[in-house]
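Asker: Quick one: structure below, then a few questions.
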Amino acid sequence: MSETIKDSDWSVSEIRAAVDAYLKMLALELSGQKFVKTVENLALREASLPTRTKGSVEFRMQNISTVLMKMDREFIKGYKPAKNVGSNVEQLIRAALTERGVQPGDPTAPTADEQTLERRAAALQKQKIKEPPKGIKKPKRAASSGTVYVRDPEVRAWVRNEAEGHCDGCGEPAPFQKLGLPYLEVHHVKPLAEKGSDQVTNAVALCPNCHRRCHHSSDSEEFTASLYKKVTRLIPE
Ligand SMILES: [Zn+2]
Ligand SMILES: [Zn+2]
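Numbering (this note's numbering), first residue to last: 5 to 241.
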């Protein structure tokens, strides 16, 4: 009988149990502690979800990741956000998260996580920010990693929108689209690693070729100097 229960028919209490187990694992992950997903999955089924299969619980965990991602909150890296979440299930998960004090995050908040930064910037690009954002004068390194800096998604969005689909280096149109927007990479003219700022006066939108050229070519210094001439908002730091 239990196999015939449809995945969409999860009860409120089942969703709550899954959310509780998820938040427990998330807290462990964020504090750098280890957990074993299969062990947690089994414990959850034995305690609260006796009619659910391992795969079904796994899928629900991915649904919770999706909802957290949409809420601009951190999610468990090992549970890739599932593409399709039924709207009813999404509502139940949201309600359970809200009950547990999980509030939507700030979609303009700086972050060091590249995926989050990219998602936030794309959303902001579509809203078209009018004033140039302040950005971050002295970007800090993320606690978890020595080389990744916390950056402002508004700066990324604004710099890309200013380029209007064309590379600030060569003037050619972006080579392809991503997330419904022209694909251009935001480059810090004075690198963050050399204490450059994450501000629109130190950032350009480049096609992948020009970006590589800045970092790897034998004429990278001359090419960088040409950017200061072409892009008038840039201020040497
Ligand atoms: Zn280019
Ligand atoms: Zn770069």
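Just so you know, even glycine gets a beta-carbon here, dropped at the ideal spot from N, CA and C.
Could you tell me whether any non-hydrogen atom of ligand 1 is closer than 7 Å to the CB of E168?
Answerer: Against the sequence shown, residue 168 aligns to sequence position 164. Outside the cutoff, so no.
Asker: Is the Cβ-Cβ distance between S201 and I133 less than 8 Å?
Answerer: Counted from its first residue, the sequence shown places residue 201 at position 197. Counted from its first residue, the sequence shown places residue 133 at position 129. Cβ atoms of S201 and I133: not closer than 8 Å.
Asker: Exposed or buried, S60, counting other C-beta atoms within 10 Å across all chains shown (16 or more means buried)?
Answerer: Residue 60 sits at position 56 when you count from the first residue of the sequence shown. It is buried - the Cβ of S60 has at least 16 other Cβ atoms within 10 Å.
Asker: Excluding the 5 residues preceding and the 5 following E176 in the sequence, name in chain order all residues of the same chain whose CB lies nearer than 8 Å to its CB.
Answerer: Position 172 of the sequence shown holds residue 176. Answer for E176: H170, C211, listed in chain order.
Asker: Rounded to the nearest angstrom, how far is the Cβ of P114 from that of V204, given a contact under 8 Å?
Answerer: By 1-based counting over the sequence shown, the position of residue 114 is 110. By 1-based counting over the sequence shown, the position of residue 204 is 200. Not quite, the Cβ-Cβ distance comes to about 14 Å (not below 8 Å), so this is no contact.
Asker: Apart from the five residues on each side of it in sequence, which residues of its chain come closer than 7 Å, Cβ to Cβ, to E158?
Answerer: Translated into the one-based positions of the sequence shown, residue 158 becomes position 154. Closer than 7 Å at Cβ, skipping near neighbours: T112, L128, I133, P137.
Asker: Could you spell out where the beta strand (DSSP E) holding V152 opens and where it closes?
Answerer: For the purposes of this step, residue 152 is taken as the residue at position 148 of the sequence shown. Where V152 is concerned, there is no enclosing beta strand (DSSP E), given that its DSSP letter is neither H nor E.
Asker: Out of curiosity, what's the CA-to-CA distance linking M5 and V16?
Answerer: As a working note, residue 5 is residue 1 in the sequence shown. As a working note, residue 16 is residue 12 in the sequence shown. At M5, the pLDDT of 38 sits below 50, so the modelled position is not reliable and the matter cannot be decided from this model.
Asker: Could you tell me whether the segment 86 to 98 touches the segment 62 to 73, where touching means 3 or more Cβ pairs closer than 8 Å?
Answerer: Touching, yes, given that three or more Cβ pairs across the two stretches are closer than 8 Å.
Asker: Per the DSSP calculation, D202 is bridged to which residue(s)?
Answerer: Counted from its first residue, the sequence shown places residue 202 at position 198. Bridge partners of D202: I140.
Asker: For T236, name the three-state secondary structure that DSSP assigns.
Answerer: In the sequence shown, residue 236 corresponds to position 232, counting from 1. In the structure shown, T236 sits in coil (DSSP, three-state: anything other than H, G, I, E or B).
Asker: Mark Y83 as exposed unless 16 or more other C-beta atoms lie within 10 angstroms of its C-beta, in which case mark it buried.
Answerer: As a working mapping, residue 83 is identified with position 79 in the sequence shown. Counting Cβ neighbours within 10 Å, Y83 comes out buried, since at least 16 surround it.
Asker: With a threshold of 7 Å, establish whether the CB of C218 neighbours any heavy atom of ligand 1.
Answerer: Counting from one through the sequence shown, the residue named residue 218 turns up at place 214. Every heavy atom of ligand 1 is 7 Å or more from the Cβ of C218, so no.
Asker: By DSSP, does A127 sit in helix, in strand, or in coil?
Answerer: Here residue 127 refers to the residue found at position 123 of the sequence shown. Residue state, collapsed to three classes: helix.
Asker: Should the segment 46 to 61 be called in touch with the segment 100 to 110, which here means at least 3 C-beta pairs below 8 Å?
Answerer: Taking 8 Å as the limit for Cβ pairs, the verdict is that the segment 100 to 110 does not touch the segment 46 to 61.
Asker: Relative to the alpha-carbon of K194, which residue among L188, L46, K142, G36 has its alpha-carbon at the smallest distance?
Answerer: Here the question's residue 194 lines up with position 190 in the sequence shown. Measuring from the Cα of K194, the nearest candidate turns out to be K142.
Asker: Going by DSSP in three states, S6 sits in which element: helix, strand or coil?
Answerer: Numbered from 1 along the sequence shown, position 2 holds the residue referred to as residue 6. Below a pLDDT of 50, predicted positions are generally treated as unreliable, and S6, at 39, falls in that range; the measurement from the model is reported next regardless. It is helical.
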